[in-house]
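1 is the number of the first residue of the sequence shown in UniProt numbering; add one for each residue after it.
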Amino acid sequence: MLGFLKNPVVITAEINVNLVALTVMGLISRLWGLSYPRAVVFDEVYYGQFVSLYMKRIFFVDDSGPPFGHMLLALGGYLGGFDGNFLWNRIGAEYSMNVPVWSLRLLPALAGALCVPLAYQILVELQFSHCAALGAALLILLENSLITQSRFMLLESILIFFTLLAVLSYLKFYNLQRHSSFSGSWWFWLLLTGVACSCAVGVKYMGLFTYMLLLAIAGLHFWHMIGDQKFSNVSLMCHFLARGLALVIIPMAVYLSFFYVHLTLLYRSGPHDQIMTSAFQASLEGGLARITQGQPLEVAYGSQITLRNVLGKPMQCWLHSHTNTYPIRYENGRGSSHQQQVTCYPFKDVNNWWIVKDPGMQQLVVSNPPRPVRHGHIVQLVHGITTRYLNTHDVAAPLSPHSQEVSCYIDYNISMPAQNLWRVEIVNRESDTDVWKTILSEVRFVHVNTSAVLKASGFIGASLPEWGYRQLEVVGEKLSKGYHQSMVWNVEEHRYGKSQEQKEREVELHSPTQMDISKNLSFMAKFMELQWKILTLKNEDTEHKYSSSALDWITMDTNIAYWLHSTSGAQIHLLGNVVTWASANIAALVYTCLSLWYLIRRRRKIYDIPEDAWQLWVSAGGICVGGWAVNYLPFFLLEKTLFLYHYLPALTFQILLIPVVLQHLSDHLCRSLLLKSMFSASIVAWFSSVYLVYCTFSPVTYGEPSLSATELKDLRWKDSWNILIRKQ
Numbered sequence: 001m002l003g004f005l006k007n008p009v010v011i012t013a014e015i016n017v018n019l020v021a022l023t024v025m026g027l028i029s030r031l032w033g034l035s036y037p038r039a040v041v042f043d044e045v046y047y048g049q050f051v052s053l054y055m056k057r058i059f060f061v062d063d064s065g066p067p068f069g070h071m072l073l074a075l076g077g078y079l080g081g082f083d084g085n086f087l088w089n090r091i092g093a094e095y096s097m098n099v100p101v102w103s104l105r106l107l108p109a110l111a112g113a114l115c116v117p118l119a120y121q122i123l124v125e126l127q128f129s130h131c132a133a134l135g136a137a138l139l140i141l142l143e144n145s146l147i148t149q150s151r152f153m154l155l156e157s158i159l160i161f162f163t164l165l166a167v168l169s170y171l172k173f174y175n176l177q178r179h180s181s182f183s184g185s186w187w188f189w190l191l192l193t194g195v196a197c198s199c200a201v202g203v204k205y206m207g208l209f210t211y212m213l214l215l216a217i218a219g220l221h222f223w224h225m226i227g228d229q230k231f232s233n234v235s236l237m238c239h240f241l242a243r244g245l246a247l248v249i250i251p252m253a254v255y256l257s258f259f260y261v262h263l264t265l266l267y268r269s270g271p272h273d274q275i276m277t278s279a280f281q282a283s284l285e286g287g288l289a290r291i292t293q294g295q296p297l298e299v300a301y302g303s304q305i306t307l308r309n310v311l312g313k314p315m316q317c318w319l320h321s322h323t324n325t326y327p328i329r330y331e332n333g334r335g336s337s338h339q340q341q342v343t344c345y346p347f348k349d350v351n352n353w354w355i356v357k358d359p360g361m362q363q364l365v366v367s368n369p370p371r372p373v374r375h376g377h378i379v380q381l382v383h384g385i386t387t388r389y390l391n392t393h394d395v396a397a398p399l400s401p402h403s404q405e406v407s408c409y410i411d412y413n414i415s416m417p418a419q420n421l422w423r424v425e426i427v428n429r430e431s432d433t434d435v436w437k438t439i440l441s442e443v444r445f446v447h448v449n450t451s452a453v454l455k456a457s458g459f460i461g462a463s464l465p466e467w468g469y470r471q472l473e474v475v476g477e478k479l480s481k482g483y484h485q486s487m488v489w490n491v492e493e494h495r496y497g498k499s500q501e502q503k504e505r506e507v508e509l510h511s512p513t514q515m516d517i518s519k520n521l522s523f524m525a526k527f528m529e530l531q532w533k534i535l536t537l538k539n540e541d542t543e544h545k546y547s548s549s550a551l552d553w554i555t556m557d558t559n560i561a562y563w564l565h566s567t568s569g570a571q572i573h574l575l576g577n578v579v580t581w582a583s584a585n586i587a588a589l590v591y592t593c594l595s596l597w598y599l600i601r602r603r604r605k606i607y608d609i610p611e612d613a614w615q616l617w618v619s620a621g622g623i624c625v626g627g628w629a630v631n632y633l634p635f636f637l638l639e640k641t642l643f644l645y646h647y648l649p650a651l652t653f654q655i656l657l658i659p660v661v662l663q664h665l666s667d668h669l670c671r672s673l674l675l676k677s678m679f680s681a682s683i684v685a686w687f688s689s690v691y692l693v694y695c696t697f698s699p700v701t702y703g704e705p706s707l708s709a710t711e712l713k714d715l716r717w718k719d720s721w722n723i724l725i726r727k728q
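Next up, the structure:
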């Protein structure tokens with residue numbers, strides 16, 4: 001029974017020494033001296049703020065992209081024991097001792113290091129020689145810009161890692177397709193493709209373009225399978241469903257999980273939640289939730305409410321009135337009603353309170369039991385402090401003459417009767433009998449007499465003149481087609497009014513509410529709102545000293561000074577390896593010209609290279625040229641401030657093209673032994689120049705050693721480079 005113990009247990013393993021060596025070199029190049037400089041480097045001042053907010057569980061919105069990349073940076077801070085206490089306000093500021101610099105920079109550095117063996121494996125899976133694969137990996141290893149970008153708390157190296165991982169996973173899956181479909185390894189690489197694509201999109205939305213490229217390639221491969229008679233209909237359907245699950249459904253689920261973790265971690269109110277809806281704010285601990293906790297859920301006749309405009313751009317504001325009236329005549333000579341002003345006020349104020357009144361009754365308190373207001377009900381809105389009724393009539397608004405003026409009615413005993421009846425329309429209702437609910441219901445107020453809709457119009461950027469205290473204009477919009485958010489309001493603060501006397505009511509309006517109703521949003525509701533904010537929120541893009549255009553990147557006519565030592569003059573720049581960048585451009589040009597030449601010749605039934613070599617050439621171009629194009633060309637359409645580091649994902653794919661072109665030239669154009677020898681010698685000389693340039697620019701890649709003014713001037717190979725030289 002124990003006979004198996006007579007023989008030793010033997011485990012054999014194949015170790016790719018090239019892969020191990022490349023991984024070790026990648027780790028050394030990216031991790032060496034990682035804590036230096038112990039100061040804020042360029043965009044660390046931006047991403048560090050979000051890391052601190054994660055550590056303190058404070059909610060934030062970043063319009064630059066999804067939260068997965070930020071969470072990975074925060075993970076580094078968590079592993080290092082960071083408490084989030086650091087003021088990220090200045091590039092070059094020295095880190096305090098509580099900031100684990102090495103830990104915060106670790107994950108981007110690891111991602112950058114692993115890109116080296118990934119490049120090697122991608123070329124191998126594309127069926128190129130190990131020599132070509134080794135060349136691709138060494139070019140990534142010695143690319144100064146990739147080293148610089150991966151050694152700090154930045155996201156580009158993480159994005160590049162996941163895009164390369166997605167490409168490698170798909171290639172491994174595709175190569176297994178031929179002989180072991182639906183095996184364990186087949187499923188592993190297919191699923192990893194989808195997960196890696198989702199992670200790339202989760203880091204930055206630029207990852208979406210590589211994802212779409214792989215979907216297109218997968219679609220093309222499946223199209224070829226349809227034409228292959230050896231696959232039965234059932235088999236094809238299974239393949240289709242497997243790809244749909246792994247490349248569409250699972251990536252969507254993984255993407256949702258990033259937001260689930262993000263929202264679970266950030267449960268506290270913070271400075272960014274004000275751009276979210278009242279319902280979202282109320283779901284966070286502190287902030288609005290502290291004010292609205294326990295409010296009555298159903299709005300009833302007699303309720304005291306504040307009404308927030310749903311649009312929230314350029315700032316949140318509440319329906320507001322005060323004792324001042326519109327001027328008899330405006331600056332342009334038009335007349336007004338001289339009624340009490342109604343505005344949208346961007347701050348919480350007692351004058352934001354309104355009372356929901358039943359037009360058929362005089363009381364301004366909630367009955368017992370309360371009578372809820374439902375969709376379609378007619379109400380009057382009474383200003384809590386001045387007790388005047390919200391009104392609109394056929395008088396032009398002050399800033400929007402094509403819309404009606406909205407006011408609180410003052411009876412001047414002239415031929416202008418009150419028109420103060422409003423119909424409540426719940427926009428997000430589930431049925432026509434829905435009750436108007438605090439925070440959750442989004443409502444329109446339709447004027448009964450004129451059918452105008454209550455609208456905050458000041459979001460076009462204009463505000464009322466001095467007589468209106470620069471507050472935002474509120475109008476009755478006659479053209480009420482659709483549900484534009486500026487016409488939609490929600491109840492934010494709410495209490496059941498108990499005081500009929502005005503003086504007692506004013507005291508009541510200043511008091512907090514004390515009732516116990518929960519208004520938690522579902523995860524999907526919070527996800528949809530946060531996703532929409534990320535996609536639509538636009539910070540004002542300003543010119544930056546180191547901003548550039550996409551055309552500048554091809555020839556590296558620009559650079560970015562990341563850090564400068566305050567005394568020694570040591571500095572770090574985002575600068576690429578000039579030889580590598582020029583070679584990548586030449587490789588792309590050669591690939592394009594050769595491809596056109598081959599296509600024209602093949603059209604004439606002239607085949608210069610074997611069919612398998614042609615298929616290899618096309619598939620490599622689809623990955624390398626396609627990857628470069630989808631990661632570069634979209635920047636010509638984006639309206640945002642651009643920097644050189646935006647080009648790095650595209651550059652990585654272009655670098656992979658260099659050994660592809662070199663091997664093709666060697667195998668198919670260098671036909672004699674002499675030509676092959678000369679070509680090999682030129683490659684060695686060229687690669688030596690790559691290494692020499694890497695060494696030359698290493699001081700401004702790693703920030704040490706510090707260079708003299710003369711040495712810095714010698715590094716300024718282009719007049720457009722901004723190398724920082726201190727005046728003597």
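All C-beta atoms, glycine included, are put in the ideal place defined by N, C-alpha and C.
Test item: CB-CB of His573 and Ala561 under 8 Å: As a working note, residue 573 is residue 573 in the sequence shown. As a working note, residue 561 is residue 561 in the sequence shown. Their beta carbons are under 8 Å apart, which means His573 touches Ala561 by this criterion.
Residue(s) in a DSSP beta bridge with Cys408: In the sequence shown, counting from the first residue as 1, residue 408 sits at position 408. Per DSSP, Gln340 and Leu390.
Distance between Cys197 and Cys408 (C-alpha atoms, nearest Å): Taking the first residue of the sequence shown as position 1, residue 408 is located at position 408. Taking the first residue of the sequence shown as position 1, residue 197 is located at position 197. Between Cys408 and Cys197, the C-alpha separation is close to 56 Å.
CA-to-CA distance, Ala93 to Trp721, given in whole angstroms: Looking up residue 721 in the sequence shown gives position 721. Looking up residue 93 in the sequence shown gives position 93. Distance between the alpha carbons of Trp721 and Ala93 is about 24 Å.
Residue-level contact to chain B via CB, Tyr496, 8 Å cutoff: No chain B appears in the structure shown, which is made up of a single protein chain.
Distance, Ala279 Cα to Trp532 Cα: For this step, residue 532 is matched to residue 532 along the sequence shown. For this step, residue 279 is matched to residue 279 along the sequence shown. Taking the straight line from one Cα to the other gives about 15 Å.
Ser303, DSSP secondary structure in three states: In the sequence shown, the residue the question calls residue 303 occupies position 303. Ser303 falls in the strand class under three-state DSSP.
Backbone secondary structure at Thr277 - three-state DSSP: As a first step, residue 277 is located in the sequence shown; it is residue number 277 there, counting from the start. In the structure shown, Thr277 sits in coil (DSSP, three-state: anything other than H, G, I, E or B).
Per DSSP, the bridge partner or partners of Glu477: Within the sequence shown, residue 477 is the residue found at index 477, counting from 1. Bridge partners of Glu477: Val453.
Glu611, DSSP secondary structure in three states: Here the question's residue 611 lines up with position 611 in the sequence shown. Three-state result, Glu611: helix.
Minimum C-alpha distance to Leu263 - residue among Glu285, Ile249 and Leu245: Counting from 1 along the sequence shown, the entry for residue 263 is found at position 263. When only C-alpha atoms are compared, the closest one is Glu285.
Which residues DSSP lists as bridging Phe335, in chain order: On the sequence shown, position 335 is the one that residue 335 refers to. Correcting the residue type first, residue 335 is Gly in the shown sequence and not Phe. Per DSSP, Arg329.
Option nearest Thr555 by Cα separation, candidates Cys199, Glu501, Val578 and Thr567: Sequence index remark: in the sequence shown, residue 555 carries index 555 (1-based). Checking every option, the nearest Cα to that of Thr555 belongs to Val578.
Touch test, the region 679 to 688 against the region 605 to 615, Cβ-Cβ under 8 Å, three pairs minimum: no
Buried versus exposed call for Met71 [16 or more other C-beta atoms within 10 Å across all chains shown]: Here residue 71 corresponds to residue number 71 of the sequence shown, with the count starting at 1. So Met71 counts as buried.
Close Cβ partners of Tyr389 (< 6 Å) along its chain, the five nearest in sequence each way excluded: Working through the sequence shown from its first residue, we reach residue 389 at position 389. Result list for Tyr389: Gln380, Val382, Tyr409 and Asn420, in chain order.
Cβ shell of Leu75 (< 7 Å), same chain only, five flanking positions each side left out: In the sequence shown, the residue the question calls residue 75 occupies position 75. The residues are Leu107.
Secondary structure of Gln514, DSSP reduced to three states: Here residue 514 refers to the residue found at position 514 when the sequence shown is read from its first residue. Low confidence applies to Gln514: its pLDDT is 42, below 50, so where it sits in the model is not reliable, and the reading given next is rough at best. In this structure, Gln514 counts as coil in the three-state DSSP scheme.
Exposure of Lys545, with buried meaning 16 or more beta-carbon neighbours within 10 Å: In the sequence shown, residue 545 corresponds to position 545, counting from 1. Label assigned to Lys545: exposed.
As assigned by DSSP and simplified to three states, the class of Leu155: Here residue 155 refers to the residue found at position 155 of the sequence shown. Coil at Leu155, not helix or strand.
Buried versus exposed, by CB contacts within 10 Å (16 or more), Tyr496: Residue mapping note: residue 496 aligns to position 496 of the sequence shown, counting from 1. Tyr496 should be labelled buried.
Runs of alpha helix (DSSP H) wholly within the region 188 to 256 (minimum 4 residues, chain order): 207 to 226 and 233 to 244
Option in Val630, Tyr330, Asn144 and Thr277 with minimal Cα separation from Leu311: Counting from 1 along the sequence shown, the entry for residue 311 is found at position 311. Out of Val630, Tyr330, Asn144 and Thr277, Thr277 has the C-alpha closest to the C-alpha of Leu311.
Top-ranked residue by Cα proximity to Gln274, from Trp318, Val356 and Gln295: As a first step, residue 274 must be located in the sequence shown, where it is residue number 274. For the residues Trp318, Val356 and Gln295, the minimum Cα distance to Gln274 belongs to Trp318.
Cutoff 7 Å; reference Asp516; Cβ partners in own chain excluding five residues on either side: Here residue 516 is taken as the residue at index 516 of the sequence shown, counted from 1. In this prediction, Asp516 has a pLDDT of 40, which is less than 50 and means its spatial position is unreliable; nothing more can be read from the coordinates.
Neighbourhood of Ser257 by C-beta distance below 7 Å, restricted to the same chain and skipping five residues each side: Within the sequence shown, the letter at position 257 stands for residue 257. None.
Contact belief for Tyr260 with His221 at Cβ below 8 Å, rounded distance in angstroms: In the sequence shown, counting from the first residue as 1, residue 260 sits at position 260. In the sequence shown, counting from the first residue as 1, residue 221 sits at position 221. Not quite, the Cβ-Cβ distance comes to about 32 Å (not below 8 Å), so this is no contact.
Spatially closest choice to Ser547 from Lys605, Phe42, Lys718 and Trp436, by CA coordinates: Locating residue 547 in the sequence shown gives position 547, where the first residue counts as 1. Selected option, being the one with the closest Cα: Phe42.
The region 239 to 250 contacting the region 192 to 211, beta-carbon criterion three pairs below 8 Å: yes
Same chain, Cβ closer than 7 Å to residue 765, five either side skipped, listed in chain order: Residue numbering for the chain in the displayed model covers 1 to 728; residue 765 lies beyond these limits and cannot be assessed.
Ile147 classed as buried or exposed, judged by whether at least 16 other C-beta atoms fall within 10 angstroms: In the sequence shown, counting from the first residue as 1, residue 147 sits at position 147. That one is buried.
Cross-strand partners of Val661 (DSSP beta bridge): Taking the first residue of the sequence shown as position 1, residue 661 is located at position 661. Val661 is not bridged to any residue.
Where the beta strand (DSSP E) containing Gln531 begins and where it ends: Here the question's residue 531 lines up with position 531 in the sequence shown. No beta strand (DSSP E) contains Gln531, which is instead part of the alpha helix (DSSP H) from Phe523 to Thr536.
Element boundaries [alpha helix (DSSP H), containing Ile560]: In the sequence shown, residue 560 corresponds to position 560, counting from 1. Where Ile560 is concerned, there is no enclosing alpha helix (DSSP H), although the beta strand (DSSP E) it sits in stretches over Ile560 to Leu564.
Where Gln362 falls: helix, strand or coil (DSSP): For the purposes of this step, residue 362 is taken as the residue at position 362 of the sequence shown. Coil at Gln362, not helix or strand.
Ordered list of beta strand (DSSP E) runs contained in the region 669 to 704, each at least 3 residues: none
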